[in-house]
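Peer 1: Quick one: structure below, then a few questions.
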Amino acid sequence: MSKKKPLSQGQLRRMRANQSKRLKRSDSASDNADLQDHLLTPEQAGVVISRFGQHADIETQDGTITRCNIRRAVTSLVTGDNVIVRLATEVQSGSNIGGIVEAVHPRKSSLTRPDLYDGVKIIAANIDQILIVSSVLPSFTTQIIDRYLVACEDTDIAPVIVLNKIDLLTDENRPEIEQALNRYREIGYQVYQLSSHTGEGIDDLKALLKDKVSVFAGQSGVGKSSVINALMPEADLLIGDVSDNSGLGQHTTTTAKLLHFASGGDLIDSPGVREFALWHLDAQRVGWCFIEFRDFLGTCKFRDCKHGDDPGCALQEALKEGKIAQDRFYNYSRIIASLDEQRHARHFRAIDDI
1 MSKKKPLSQG QLRRMRANQS KRLKRSDSAS DNADLQDHLL TPEQAGVVIS
51 RFGQHADIET QDGTITRCNI RRAVTSLVTG DNVIVRLATE VQSGSNIGGI
101 VEAVHPRKSS LTRPDLYDGV KIIAANIDQI LIVSSVLPSF TTQIIDRYLV
151 ACEDTDIAPV IVLNKIDLLT DENRPEIEQA LNRYREIGYQ VYQLSSHTGE
201 GIDDLKALLK DKVSVFAGQS GVGKSSVINA LMPEADLLIG DVSDNSGLGQ
251 HTTTTAKLLH FASGGDLIDS PGVREFALWH LDAQRVGWCF IEFRDFLGTC
301 KFRDCKHGDD PGCALQEALK EGKIAQDRFY NYSRIIASLD EQRHARHFRA
351 IDDI
């Protein structure tokens, strides 16, 4: 009899991961077993305020928020999901679980990001608009704005560009920033300018948020939490300082959370990210997500044009004629260049886990 081939390190890791998943499912099933059917109220509507591992905080129509278990049949649940929930008639001693999420309604929209292990991961659901927050300090950059704009166009969620910390504008940095914001206005994007410190522009943003579900997104350090506190003082979100060493913000939000405005409308505060990865998109899709490129795409001399030094490139011609802004084309080129690099890094990280 031949010897069995020893398991590789990757196989052992996968076995341990699968065992861990089974234990979690077992624990979840045990939790659900504690909530006997006869101790649960009839089904009612709810919305996910926040998700914590195997549990979620659910708000029902009377405004009550209850931490609930999640049925195993519910395979995906994120902040903003509309759900069907059954609440416990009483919370048992030693437990903070007060109900069970039975089902999730279909989503009208979802914000996603690529994940090494889960493919495309959903961050939040049923969103009407994404507020892309940038700031004068630590440093204004259109690169992260354009990355988020690509994500918005890809998911068909309306983007709004918000510049925070305008009280820090100076004679030196104002012209460049204003020119960049005007370029976005010219191609049809909404742009708001405000200061969470002085309150300037806050009322205009409140009007935009009314009766809509909005997500705040952007790099750490741009003051997302400060803006939310200015819009909604009762939220009292933790505010992080900008690191003196890196110039980047300290992450203050660890899980997406849905908050309500007293005047109507909801806001989802999502975890800060320093760069929004787009490696799950192909180059053609990225080009389409630059909205001012669309009139020129498909009109190049060669069908496989890479929009670089290719002869007869319609995008290059539009760039020369000023129909496409230099910085927008530069950011597009950087995203395209990063796609292969990120996929290459992802490939080797995946090999490490085999």
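Residue 210 in full-length UniProt numbering is what sits at position 210 of the sequence shown, and the numbering runs on without skipping anything.
Yeah, the Cβ is synthetic: ideal placement off N, Cα and C, and Gly gets one too.
Note that the structure is predicted; figures quoted are calculated from it, not measured.
(1) Measure from the C-beta of Asn182 to each C-beta in chain D and report whether the shortest distance is under 7 Å.
(2) Return the chain-ordered list of same chain residues with a C-beta closer than 7 Å to the C-beta of Asn331, the five sequence neighbours on each side being excluded.
(3) Taking the alpha-carbon of Glu43 as reference, which of Asp154, Ala103, Ile49 and Cys305 has the nearest alpha-carbon?
(4) Pick helix, strand or coil for Ile144, following the three-state DSSP scheme.
(5) For Lys121, report the span of its alpha helix (DSSP H) as first-last.
(6) Cutting at 7 Å between CB atoms, please list the residues of its own chain near Gln179, excluding the five before and the five after it.
(7) Can you say whether Thr255 is buried or exposed, counting buried as having 16 or more other CB atoms within 10 angstroms of its CB?
(8) I'd like to know whether the C-beta atoms of Leu258 and Ile49 end up nearer to each other than 7 Å.
(9) Residues in the same chain with beta-carbon distance under 6 Å from His280, minus the five sequence neighbours each way, listed in chain order, please.
(10) Taking 6 Å as the limit between beta carbons, can you name the residues of its chain near Leu319, skipping five residues before and five after?
(11) Which of the three DSSP states, helix, strand or coil, is assigned to His38?
(12) Could you tell me the alpha carbon to alpha carbon distance between Lys301 and Asp309, rounded to whole angstroms?
(13) Out of curiosity, what's the CA-to-CA distance linking Leu149 and Ile130?
(14) Which of helix, strand or coil does DSSP assign to Cys300?
(15) Once DSSP output is grouped into helix, strand and coil, what is the label at Tyr192?
Peer 2: Short version:
(1) In the structure shown, chain D does not exist; there is a single protein chain.
(2) Thr142, Gln143 and Asp146
(3) Ala103
(4) helix
(5) Where Lys121 is concerned, there is no enclosing alpha helix (DSSP H), although the beta strand (DSSP E) it sits in stretches over Gly119 to Ala125.
(6) Around Gln179: no qualifying Cβ.
(7) exposed
(8) yes
(9) Pro114 and Val120
(10) Phe329
(11) Looking at His38 - three-state DSSP - the assignment turns out to be helix.
(12) 12 Å
(13) 9 Å
(14) coil
(15) strand
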